[in-house]
Amino acid sequence: MVCVTMNLSRQLLVLPDRDAAEEVTEELSARWPELGEIELVRDALAGEDDAEDAQWLVVLEAPEEGGWTGEQLAALDRLSAEQDGWREEG
Numbered sequence: 001m002v003c004v005t006m007n008l009s010r011q012l013l014v015l016p017d018r019d020a021a022e023e024v025t026e027e028l029s030a031r032w033p034e035l036g037e038i039e040l041v042r043d044a045l046a047g048e049d050d051a052e053d054a055q056w057l058v059v060l061e062a063p064e065e066g067g068w069t070g071e072q073l074a075a076l077d078r079l080s081a082e083q084d085g086w087r088e089e090g
């Protein structure tokens with residue numbers, strides 16, 4: 001018997017600036033239209049006074065059918081790394 005675990009977690013791509021977040025969002029929307037609306041969130045760094053010191057989050061809900069595949073998660077890792085960012089489960 002094969003046990004397959006589905007990853008239904010929300011994924012957060014943490015990116016250094018708004019331009020990077022918008023670029024990744026456009027690419028994801030084109031690649032996986034089934035993801036629906038992708039949310040962009042400005043995340044001010046704790047203790048920072050400068051408005052420029054903020055990260056941007058691309059918030060992705062798991063695909064309704066089957067959740068995230070390993071290939072999709074690897075692609076999210078690559079996309080975020082290309083923009084000097086990273087992926088977290090949220």
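So for the sequence shown, the working numbering puts the first residue at 1; every next one is plus one. Positions of the beta carbon are idealized from the N, C-alpha and C atoms, including for glycine.
- Could you check where the beta strand (DSSP E) with Arg87 kicks off and where it finishes? In the DSSP assignment, Arg87 falls within the unbroken beta strand (DSSP E) covering 86 to 89.
- The alpha helix (DSSP H) spanning Glu27 covers which residue range? Element bounds for Glu27: 18 to 31.
- Item | Under 8 Å between C-beta atoms of Leu8 and Leu57 | In this structure, Leu8 sits away from Leu57, with a CB-CB distance that is not shorter than 8 Å.
- What does DSSP give as the partner residues of Leu60 in its beta bridges? Beta-bridge pairing links Leu60 to Gln11.
- Message: According to DSSP, Leu40 sits in a beta bridge with which residue or residues?
- Response: For Leu40, which the question treats as bridged, DSSP gives the partners Val58.
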